[in-house]
Amino acid sequence: MRPPTSMTIAGSDSGGGAGIQADLKTFTALGVYGTSAITALTAQNTRGVQAVIPIDPQDVIRQVTSVLDDIPLDATKIGMLASAEVIAALAETIGSRRVAFGHLVLDPVMVATSGDVLLPDTATELLRERLLPLTHVITPNLPEAARLLDVPVAADLDAMADQAEQLRDLGAEVVVLKGGHREAEEEVVDVVAHPGGVDLLRAERVHTRGTHGTGCTLAAAIAAQYARIARARTPGNGGLRFLATTPDAADEIGGAQAPGDDLAAIGAGRDFLQRALRGGAEQQLSVAPQDGHGPVDHLITIARREAED
Ligand SMILES: Nc1ncnc2c1ncn2[C@@H]1O[C@H](COP(=O)(O)OP(=O)(O)OP(=O)(O)O)[C@@H](O)[C@H]1O
Ligand SMILES: Cc1ncc(CO)c(N)n1
Numbered sequence: 135m136r137p138p139t140s141m142t143i144a145g146s147d148s149g150g151g152a153g154i155q156a157d158l159k160t161f162t163a164l165g166v167y168g169t170s171a172i173t174a175l176t177a178q179n180t181r182g183v184q185a186v187i188p189i190d191p192q193d194v195i196r197q198v199t200s201v202l203d204d205i206p207l208d209a210t211k212i213g214m215l216a217s218a219e220v221i222a223a224l225a226e227t228i229g230s231r232r233v234a235f236g237h238l239v240l241d242p243v244m245v246a247t248s249g250d251v252l253l254p255d256t257a258t259e260l261l262r263e264r265l266l267p268l269t270h271v272i273t274p275n276l277p278e279a280a281r282l283l284d285v286p287v288a289a290d291l292d293a294m295a296d297q298a299e300q301l302r303d304l305g306a307e308v309v310v311l312k313g314g315h316r317e318a319e320e321e322v323v324d325v326v327a328h329p330g331g332v333d334l335l336r337a338e339r340v341h342t343r344g345t346h347g348t349g350c351t352l353a354a355a356i357a358a359q360y361a362r363i364a365r366a367r368t369p370g371n372g373g374l375r376f377l378a379t380t381p382d383a384a385d386e387i388g389g390a391q392a393p394g395d396d397l398a399a400i401g402a403g404r405d406f407l408q409r410a411l412r413g414g415a416e417q418q419l420s421v422a423p424q425d426g427h428g429p430v431d432h433l434i435t436i437a438r439r440e441a442e443d
């Protein structure tokens with residue numbers, strides 16, 4: 135018996151709220167064995183990004199290949215790619231070994247919550263032309279979708295649905311267009327375009343500054359849920375379903391047929407993010423919380439012991 139497995143290909147966030155660190159915490163919280171390939175180092179905290187230190191594209195590929203050559207993967211999450219060169223090298227490796235990556239979830243990270251740029255404009259075209267067609271699920275926020283399509287940011291739900299469909303036409307099978315940036319609204323709506331149509335997934339807005347890493351955590355949680363579904367379908371692995379103490383996409387799927395898997399994985403991934411966001415709103419990490427954006431609480435599925443008086 136082997137556990138569900140996933141890889142994150144992303145940037146390191148020294149502050150621990152986004153990037154590789156958020157992804158590995160999310161995989162762990164959801165009972166999935168996590169592996170990683172680091173695409174860039176960032177010196178970063180809740181207040182912003184102080185430095186971006188590139189990694190040579192061939193060193194990114196060395197990490198990816200080491201994992202692929204040894205550990206079967208049920209899913210892969212891709213986040214910050216940092217440069218056109220890393221995108222090109224990665225697209226080539228994925229193109230030649232696509233099946234080995236399992237379900238591929240791409241979060242097209244371009245700008246951090248703090249406003250710092252994490253991908254140069256010139257790399258957008260490469261992301262669209264080379265990586266998007268290899269991807270199963272893409273999870274852009276509103277500005278990222280607009281940049282990928284070269285159109286203005288969607289102003290309402292109809293425009294979001296329209297852009298989500300257009301992104302499917304570029305090659306991704308499923309598009310989760312995230313609505314977190316529509317800050318005037320009391321409800322946060324993510325628009326999901328998939329082979330069966332378009333669904334609106336709603337959540338009550340949490341009023342908090344603690345939104346650092348929400349996008350990374352959501353994409354990692356969706357990848358983790360695909361990994362859990364994949365293992366749950368493997369004969370003899372039923373017991374693994376009870377590893378995680380959080381709603382599990384594998385509980386929602388029936389039989390061997392797959393069309394419902396996308397919505398089950400995305401729905402359960404969003405449930406985890408919403409719990410982590412609410413948990414994060416109640417904790418204080420930074421010495422100056424009013425100056426930045428704190429992280430979500432990835433440990434929300436792990437019980438905490440009450441203080442004894
Ligand atoms: N204040 C909020 N309350 C509830 N849900 C939210 C809130 N902000 C974002 N979300 C949810 O978090 C997820 C990420 O959305 P968002 O649009 O913020 O992505 P992002 O900009 O990529 O994130 P990041 O800030 O990590 O870059 C989505 O599922 C969205 O619905
Ligand atoms: C490393 C990294 N990846 C992604 C984001 C987007 O939130 C970030 N701030 N840092």
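For the sequence shown, this note's numbering assigns the number 135 to the initial residue and increments by one for each residue that follows. Here a beta-carbon is modelled for each residue, glycine too, at the ideal position from N, C-alpha and C. Note that the coordinates shown come from a computational prediction; the quantities given were computed from them, not determined experimentally.
- Less than 8 Å separates the beta-carbon of Leu175 from that of Ser146.
- The C-beta distance from Gly150 to Pro429 rounds to 7 Å, short enough to fall under 8 Å.
- Restricting attention to beta strand (DSSP E) runs no shorter than 3 residues, the region 305-350 encloses them at 308-311, 321-328 and 331-338, ordered along the chain.
- Closest option to Cys350, judged by alpha-carbon separation, among Val186, Thr210 and Asp193: Thr210.
- By the neighbour-count definition (other C-beta atoms within 10 Å, threshold 16), Arg262 is a buried residue.
- Leu407 has its Cβ nearer than 7 Å to a heavy atom of ligand 1.
- By alpha-carbon distance to Leu301, the top candidate from Val323, Tyr360 and His328 is His328.
- Distances from the CA of Val243 to each of Glu299, Ala152 and Ala361 were compared; the closest alpha carbon is that of Ala152.
- Shortest gap from the CB of Leu252 to any heavy atom of ligand 2: under 7 Å.
- Relative to the Cα of Val309, the nearest Cα in the group Ala295, Arg336, Val322 and Gln417 belongs to Ala295.
- Val183 has its CB no nearer than 7 Å to any heavy atom of ligand 1.
- The Cβ-Cβ distance between Ala399 and Asp157 does not fall below 8 Å.
- Beta-bridge partners assigned by DSSP to Ile221: none are found.
- Residue pairing by DSSP places His237 opposite Ala209 in a beta bridge.
- Within the same chain, and ignoring the five residues on either side of Ala306 in sequence, the residues whose Cβ sits closer than 6 Å to its Cβ are Leu266, Thr269 and Ile272.
- Proximity of the beta carbon of Leu352 to ligand 1 is indicated: a heavy atom of the ligand is located closer than 7 Å.
- Each residue's CA atom was taken as its position, placing Ala361 and Arg232 some 16 Å apart.
- Taking 8 Å as the upper bound for CB-CB distance, Ile221 and Gln197 are not in contact here, some 15 Å apart.
- Distances taken from the Cβ of Met214 to the heavy atoms of ligand 2 include one shorter than 7 Å.
- Val340 is a Cβ neighbour of Ala415, given a cutoff of 8 Å.
- The residue from Pro138, Arg412, Phe161 and Ala279 with its alpha-carbon nearest to that of His346 is Arg412.
- Between Leu276 and Val287, the C-beta gap is smaller than 8 Å, which places the two residues in contact.
- Bounds of the beta strand (DSSP E) holding Val186 are Gly182 to Pro188.
- CA-CA distance, Arg264 to Leu215, rounds to 13 Å.
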